[in-house]
Structures are given as structure tokens and as C-alpha cells.
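S.K.:
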Amino acid sequence: METIDWQDFFKVELRVGRIVQAEVFEQARKAAYILHVDFGEVIGIKKSSAQITQLYQPEQLIGKLVVAVINFPKKQIGPIQSECLVTGFHNMDGHVALCVPDQDVPLGAKLL
1 METIDWQDFF KVELRVGRIV QAEVFEQARK AAYILHVDFG EVIGIKKSSA QITQLYQPEQ
61 LIGKLVVAVI NFPKKQIGPI QSECLVTGFH NMDGHVALCV PDQDVPLGAK LL
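For what it's worth, UniProt numbering labels the leading residue of the sequence shown as 1, then goes sequentially.
(1) Assuming Val69 and Cys84 make a contact with CB atoms under 8 Å, what is their CB distance in whole Å?
(2) With respect to the beta strand (DSSP E) encompassing Leu112, which residues constitute its N-terminal and C-terminal limits?
(3) Taking 8 Å as the cut-off, does the region 49 to 64 touch the region 25 to 39 (at least 3 CB pairs, one atom from each stretch)?
(4) Give the list of continuous alpha helix (DSSP H) stretches no shorter than 4 residues that lie fully inside the UniProt domain "TRNA-binding" (8 to 112).
(5) Quick one, are the C-beta atoms of Val16 and Ala97 less than 7 Å apart?
(6) Hey, out of Asp5, Glu26, Leu55, Gln27, whose CA is closest to Gly94's CA?
(7) Please classify residue 162 as buried or exposed, where buried requires at least 16 other C-beta atoms within 10 Å of its C-beta.
(8) For Ile77, which residues of its own chain have a beta-carbon under 6 Å away from its beta-carbon, when the five flanking residues on both sides are left out?
Set out below in C-alpha cells:
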């Protein structure tokens, strides 16, 4: 494992957002959803493509708090531009489980 210094870590903007819309990403090569994540008034709503279809249905995602990297450059994924990277962990079956706060925190709060 490569080590990083504190300055490297502080460059990563890991923020809390709330999923306000989730839909099947029909044009994706691998099964995915298009997520619209609200990071609060200052940051706003950002889109992300997420390969989380094995563990979640779109309607289950609405209202869920998630942790996302918001300072990557936009990435074209088929017909959409992904504006953030929603984080998660692979479970024992290799399916992605979302990284979520276990308490309610303000939208846009930064991971410390």
C-alpha cells in the first residue's frame, strides 16, 4: 500500500449528499443507475453513474445519504456526464454496498 501525506488527503473532497432521484441507466455497458445527489445549497445537485443494481432498487435509494468525491473532473459515461463519484465497498459477493453516514448530517458536510 502506498502512503500519502495529509496534504494529499485534504485535496479529496469527500462530501455527504442525499439521493433525490435514481433511474436505470439504460445505455450503460454494465448495469447501473443514474443518481442525482443533492449536496446542499452551496454545491447543489450532481449526477453520478453507479453500478449498485445488485443490492439496491431505484426507489430504495431516494432519500439515502451517501458519501461522494465531488472534486474529480466530469467524466463522460455514455450520454451523461458523471459529476461525482459515489463511494462504496464490495461485499463478499463482489456487489457494491454504499458508504453511508450512520447519523443524519448536513448536506455537503466534508469527511474529516
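Built from N, CA and C at the ideal position, the CB exists for glycine as well.
M.R.: Reading off the structure:
(1) 6 Å
(2) It is not in any beta strand (DSSP E) - Leu112 carries neither H nor E in the DSSP assignment.
(3) yes
(4) 58 to 61
(5) no
(6) Leu55
(7) Missing from the structure shown is residue 162; the chain here goes from 1 to 112 and no further.
(8) Ser49
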